[in-house]
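Q:
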Amino acid sequence: MSKPFRDRNPVIIGAVSLLVIAMLVAVAFKAGSLPIIGSGTKYYADFSEIGGLKVDDPVRIAGVRVGKVDSIALASGTTCTGLKDAPDTCVVVGFQMKGAPAIGNASYADIKIQTILGQMYLDVRSEERRVGKECRSR
1 MSKPFRDRNP VIIGAVSLLV IAMLVAVAFK AGSLPIIGSG TKYYADFSEI GGLKVDDPVR
61 IAGVRVGKVD SIALASGTTC TGLKDAPDTC VVVGFQMKGA PAIGNASYAD IKIQTILGQM
121 YLDVRSEERR VGKECRSR
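This note's numbering puts the last residue of the sequence shown at 138; the count rises by one with no breaks.
1) Return the CA-CA distance between Y44 and G118, expressed in angstroms with no decimal places.
2) Near I72, what residues of its chain come up, given a Cβ to Cβ distance below 8 Å and the 5 sequence neighbours on each side ignored?
3) Give the DSSP-derived three-state secondary structure of G14 in the structure shown.
4) What's the call for K112, buried or exposed, on a 16-neighbour Cβ count within 10 Å?
5) Cβ atoms of M97 and V59: under 7 Å apart, would you say?
Structure below.
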């Protein structure tokens with residue numbers, strides 16, 4: 001038989017309650033990285049320079065926001081061979097798209113100005129117009 005709730009040790013009940021609340025808060029903050037709820041497919045594009053593009057800037061297809069930039073890193077060597085004149089170093093921009101059509105490796109990305117104040121966004125297009133930098137998934 002179980003004890004009534006009043007007869008249980010309040011310290012243990014409080015500790016278990018705090019632990020459950022802490023776990024729920026941690027899951028809420030990391031919900032974007034969970035596979036089911038997650039942020040979508042991750043792609044990468046190489047650029048010789050990125051201007052004012054920052055992490056968390058929007059990614060758009062045909063003007064519709066479909067994701068965000070989630071990493072910006074310098075790269076060198078064979079990573080940069082797809083760029084014009086194959087520089088020794090380049091900038092690799094990682095971005096995720098959720099609920100957008102699969103773009104595949106034959107798509108291209110450009111960095112464009114979104115506002116008059118200079119906020120940037122990543123514009124992703126299909127292979128029809130070969131302008132910009134090639135996108136790839138990892």
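Cβ atoms here follow ideal geometry from the backbone N, Cα and C, with glycine treated the same way.
A: Walking through what the data contain:
1) 23 Å
2) I50, L53, K54, V55, V91, V92, V93 and G94
3) helix
4) exposed
5) yes
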